[in-house]
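Participant:
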Amino acid sequence: MGSRLSTRRICGLVGTLAVIGSASVNRFAWAADDVDAWLEAIRAVQPLGGNHEAAMAAGRHLRLASAAAVPRLLAGMDGANPLAQNWLRGIIQSVVQRAESAGQPIPLDELEKFLQDTSHAPRARRFAFDLLAARDATAPDRLIPGWLDDPSLELRRDAVSAEAGRARGLLDGGQSAEGVRALRRAFQAARDVDQVKAIAESLRNAKEKADIARHMGFLMDWYLIGPFDNRDKRGFDVAYPPESEFDAAKTYPGKEGVETHWIRHATSDDFGVVDLNTALAKHKGAIAYAFTEFLSNEDRPVELRLGCINGNKIWLNGQLLTSNHVYHASTFVDQYTGHGKLLKGRNTILLKIAQNEQTEQWAQNWKFQLRACDSIGTAVLSQDRASEQAASTPRLPIR
Amino acid sequence: MRFRWFILILVGVVGLATASSATGADWRRFRGPAFGIAEGAKAPVTWDAADGASKNIAWRADLPGRGPSSPIVVKDRVVVTASDGVNQDRLFVLCFDAPTGKELWRRSFWATGRTACHPTSANAAPTPVSDGERIFAFYSSNDLIALDLDGNLLWYRGLTHDFPKAGNDVGMSSSPAVLEGVVVVQIENQGDSFAAGIEGATGRTLWRIERAPQAAWTSPAVLESPPGGTPTVLLQSANGVTAHEIHTGTELWRIERACDLIPSPILQARRAFFVASDRLVAVDVGAEGKSAGPIWDSTRLRPGAASPMLVGERLYTVNRAGVLNCADAKTGELRWQFRLKGEFWSSPVIADQTMYLFNSDGEGLVVKLGDDAAELLATNRLGEHIQASPAFSENSIFLRSDQHLWRIAESAAAPTN
Chain A
37 MGSRLSTRRI
47 CGLVGTLAVI
57 GSASVNRFAW
67 AADDVDAWLE
77 AIRAVQPLGG
87 NHEAAMAAGR
97 HLRLASAAAV
107 PRLLAGMDGA
117 NPLAQNWLRG
127 IIQSVVQRAE
137 SAGQPIPLDE
147 LEKFLQDTSH
157 APRARRFAFD
167 LLAARDATAP
177 DRLIPGWLDD
187 PSLELRRDAV
197 SAEAGRARGL
207 LDGGQSAEGV
217 RALRRAFQAA
227 RDVDQVKAIA
237 ESLRNAKEKA
247 DIARHMGFLM
257 DWYLIGPFDN
267 RDKRGFDVAY
277 PPESEFDAAK
287 TYPGKEGVET
297 HWIRHATSDD
307 FGVVDLNTAL
317 AKHKGAIAYA
327 FTEFLSNEDR
337 PVELRLGCIN
347 GNKIWLNGQL
357 LTSNHVYHAS
367 TFVDQYTGHG
377 KLLKGRNTIL
387 LKIAQNEQTE
397 QWAQNWKFQL
407 RACDSIGTAV
417 LSQDRASEQA
427 ASTPRLPIR
Chain B
67 MRFRWFILIL
77 VGVVGLATAS
87 SATGADWRRF
97 RGPAFGIAEG
107 AKAPVTWDAA
117 DGASKNIAWR
127 ADLPGRGPSS
137 PIVVKDRVVV
147 TASDGVNQDR
157 LFVLCFDAPT
167 GKELWRRSFW
177 ATGRTACHPT
187 SANAAPTPVS
197 DGERIFAFYS
207 SNDLIALDLD
217 GNLLWYRGLT
227 HDFPKAGNDV
237 GMSSSPAVLE
247 GVVVVQIENQ
257 GDSFAAGIEG
267 ATGRTLWRIE
277 RAPQAAWTSP
287 AVLESPPGGT
297 PTVLLQSANG
307 VTAHEIHTGT
317 ELWRIERACD
327 LIPSPILQAR
337 RAFFVASDRL
347 VAVDVGAEGK
357 SAGPIWDSTR
367 LRPGAASPML
377 VGERLYTVNR
387 AGVLNCADAK
397 TGELRWQFRL
407 KGEFWSSPVI
417 ADQTMYLFNS
427 DGEGLVVKLG
437 DDAAELLATN
447 RLGEHIQASP
457 AFSENSIFLR
467 SDQHLWRIAE
477 SAAAPTN
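As they're listed, the protein sequences go chains A and B.
Each residue of the first sequence is one higher than the one before, counting from 37 in the numbering used here.
Each residue of the second sequence is one higher than the one before, counting from 67 in the numbering used here.
(1) Alpha carbon to alpha carbon, how far is A:Gly139 from B:Gln280?
(2) Just the C-alpha distance for A:His251 and A:Thr373, rounded to the nearest angstrom, thanks.
(3) Take A:Glu214 and list the residues in its own chain whose beta-carbon comes closer than 7 Å to its own, dropping the five residues that flank it on each side.
(4) Does the Cβ-Cβ distance between B:Gly398 and B:Leu376 come in under 9 Å?
(5) For A:Leu356, which residues of its own chain have a beta-carbon under 7 Å away from its beta-carbon, when the five flanking residues on both sides are left out?
(6) A:Ala101: buried (16+ other C-beta within 10 angstroms of its C-beta) or exposed?
(7) Applying a beta-carbon distance threshold of less than 9 Å, which residues of chain A neighbour B:Gln154?
(8) Using a Cβ cut-off of 9 Å, which residues of the region 86–111 of chain A contact any Cβ in chain B, in chain order?
(9) Taking the continuous alpha helix (DSSP H) assigned at B:Leu465, which residues delimit it?
(10) Could you tell me which uninterrupted alpha helix (DSSP H) segments, each at least 4 residues in length, are contained entirely in the region 289–377 of chain A, listed from first to last along the chain?
(11) Is the beta carbon of A:Asp444 sitting closer than 9 Å to the one on A:Leu331?
(12) Is A:Asn122 close to chain B? Criterion is C-beta to C-beta, closer than 9 Å.
(13) Quick check on B:Ser477: buried or exposed, where buried means 16 or more other Cβ atoms within 10 Å of its Cβ?
(14) Any Cβ of chain B within less than 9 Å of the Cβ of A:Asp268?
(15) With a cut-off of 8 Å on the beta carbons, I'd call B:Lys108 and B:Asn461 a contact; round off their distance for me.
(16) Give me the chain B residues within the contact set of A:Tyr363, using Cβ-Cβ distance strictly less than 9 Å, ordered along the chain.
(17) Should B:Ser196 be flagged as near chain A, meaning a C-beta pair shorter than 9 Å?
(18) For B:Phe202 and B:Arg156, what's the separation of their Cα atoms in angstroms?
(19) From the DSSP output, in three-state form, read off A:Lys380 for me.
(20) Are any of the Cβ atoms in chain A nearer than 9 Å to that of B:Lys231?
(21) If you measure beta-carbon to beta-carbon, which residues of the region 177–190 of chain B are closer than 8 Å to chain A?
(22) Starting from A:Phe404, follow its DSSP beta bridges and name the residues at the other end.
(23) Going by C-alpha to C-alpha distance, which of B:Leu442, B:Gly436, B:Asn446 and B:Ala417 sits closest to B:Gly428?
(24) Take A:Ala111 as the anchor and find which of A:Pro158, A:Leu84 and A:Gln133 has the nearest alpha-carbon.
(25) Assess, as a yes-or-no matter, whether the region 357–368 of chain A is touched by the region 238–246 of chain A under the definition of 3 or more beta carbon pairs within less than 8 Å.
(26) What does A:Gln133 touch in chain B if you count any residue whose Cβ is under 8 Å from its own?
(27) Apart from the five residues on each side of it in sequence, which residues of its chain come closer than 6 Å, Cβ to Cβ, to B:Gly294?
(28) Give me the Cβ distance between B:Ala338 and B:Ile332, rounded to the nearest whole Å; I'm assuming they're in contact under 8 Å.
(29) Is B:Pro540 helix, strand or coil when you go by DSSP?
(30) Write down every uninterrupted run of the alpha helix (DSSP H) in the region 253–281 of chain B whose length is 4 residues or greater and which is fully enclosed by it, in chain order.
(31) If we cut at 9 Å on Cβ distances, does B:Gly269 have a partner in chain A?
(32) Using alpha carbons as the reference points, say which of A:Thr367, A:Lys388, A:Leu417 and A:Val416 lies closest to B:Arg180.
(33) Mind checking if B:Trp221 is an interface residue toward chain A, Cβ cutoff 9 Å exclusive?
(34) Can you list, in chain order, the residues of its chain with a C-beta nearer than 6 Å to that of A:Ala160? Leave out the 5 residues immediately preceding and following it.
(35) Between the C-alpha atoms of A:Asp305 and A:Leu184, what's the straight-line distance to the nearest angstrom?
(36) Grouping DSSP H, G and I as helix and E and B as strand, with all else coil, what is A:Ile180?
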């Protein structure tokens, strides 16, 4: 740690001197404190245009920096909010263009060191790679294969693509055992849905198992209940009984007074899709609830990511994580994210899925898919989930 | 030797002068300065870029991503946006030298809002806008980027970062407008639905008004010389049209009526035209610009996706069946109809009594507009899918396809890249 800090301090000092060096060329009298202050001014931009005035003034100075300052400016993205990262990205692009117009070299070695340091912000590292790769044609082949487990999803994606390509080459060349091993490595590393899907297909074509649902952390076993009334979309904010209790044996008066009760439902879909029109029967102007338990061996943060073309809410242990009163505007994996905390032991997850009364053919779907994962999409699995489960095999008996 | 140098210099000077005059007029926003009318422009009638041809193709530049957004022209610079990446989360702003097609600069950013779009669209759906000194690039993800003409970032707003429910996973496409230093964005969707006036110089929000919680893709219309001296922006939403003073957002007038969600309105000093859910509506705007009432409406003039156009007292719309309608703007009386070939997402442009329409197949239809009839002058090929509307600048057409930005102009050399 000490060594890293000192390295960073040295980098910072070098960067400061680079900025100051440029300033002297540009007849500006900049002090190191000024540079720090300008970077902080950029990092302090807030939503709603907060701190724009100071950031704009800082940007006017920083874009005059020399190319040697680029790693320092990239490091300014560490821990910065997405708005500030974009401000810095814009400034760096001006610096690079101005430097190259003036014949200044871009510090490629420093960029490479920067992007290989995984303690830096993933986006900053990816941007460093883009700058490097545009000027060093050898960089992609040299660097990408080493990023299969990289915390930057953008860098990892390139490595997964390269490994999957290598695997297919091996398979095409008749080296099936090594090809499958490479496919497995790519599958394990993949976090983007399109890559997971494509590599799983390659594995299955090679007569190998590929459990997409487990790899991505889709929840497959549910209790379902409904319909409750959602005519005129008024049920979305009505707290029907399932929002305050779960008792699988209880029944409740549902839409138009019809008695409703919990049913068990397990999906075998690769992406965990639960079709309520099939599981509960087709209803319009209706609310359904889905309930499940999740066993965690520790207290930990978790992202519950929902794909749903209907209005929806997610609760974890009774805490509302996200609410989206949107109907029939597309659906896809990870469409909505609820940030929550799993507690050691049994946790409860409750979904509210609201269907409206649109009559168009494209507005009939009533379904959802939910997965549990960490911040980069790595599956977080319930401890009572089966250890091995191929998508093509029958699911475990419902609890 | 001296004579040779003289000739070279002369050729260079003439070339520069020609190139400059060719692209001198600005086209700073979606549909240009006059809602699709290119006053004084004289563009080619024929061109061909399909199957390796390059007739009247001055240049063609590669784009790093897709986008239905249209190019704009500011001081001999052509600016266009694009988006790319696995989730359409990489945003590009590109600037090209209008005469030569040389890329002057490109800037890229990360989207901060929702990036999901229908496969036929892209994050870079809204057309950027300029006040002549700054460029304001806007995206479906509600990222709003202010750059100077040299590509230096002035400020960056993430409006979904501000209002997390502002988004539409089908994609949004409303293009911003700018007037008197105020950038107006219209972000209408089922979540945080609003329109806002953003100070162009600082990115500060001047005003924000809530809109109906329903998706819309229409673009705000502004009027340079407003009645009563009140700078006005007109917003067409699902439940009607409202006119607002541009600096404060104060509502000047409204007409409540179910409206179409795609084609955009026209605003003139004493008139406005908007598209209701089943018809085109003409509106009389009071002398002070603070009241309005319908004059006439016509179901026969209802356009498809392309926005209506007005030249003098002639009103033009293209309906969903690809029929071009010409009507009397005073009465709504239909004068003639003319069947076109293809599907039109791109809004047409009229230059020199000639209409230029681009269908989705990349065909450019050139139609001479007469008092009593229309005549198809040419059907030109680009060979690429077209959704964007063209920008006109004097004798050039700037057009973007899925992969390229094009300049179409007479007597052009082969493409430059």
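Ideal placement from N, C-alpha and C gives every residue a C-beta, glycine not left out.
Facilitator: Straight from the coordinates:
(1) 52 Å
(2) 18 Å
(3) Leu206
(4) no
(5) Lys349
(6) buried
(7) The contacting residues do not exist; B:Gln154 stays about 12 Å from chain A at best.
(8) His88, Glu89, Ala91, Met92, Gly95, Arg96 and Arg99
(9) No alpha helix (DSSP H) contains B:Leu465, which is instead part of the beta strand (DSSP E) from Ser462 to Arg466.
(10) 312–315
(11) Chain A is shown from 37 up to 435; residue 444 of chain A falls before or after that span and cannot be answered.
(12) yes
(13) exposed
(14) no
(15) 5 Å
(16) Gln256
(17) no
(18) 17 Å
(19) coil
(20) yes
(21) Thr178, Ala182 and His184
(22) A:Val310 and A:Cys344
(23) B:Asn446
(24) A:Pro158
(25) no
(26) Trp171 and Gly217
(27) Glu354 and Gly355
(28) 6 Å
(29) A question about residue 540 of chain B goes unanswered here, because the residues of chain B that appear run from 67 up to 483.
(30) none
(31) yes
(32) A:Thr367
(33) yes
(34) Leu110 and Met113
(35) 27 Å
(36) helix
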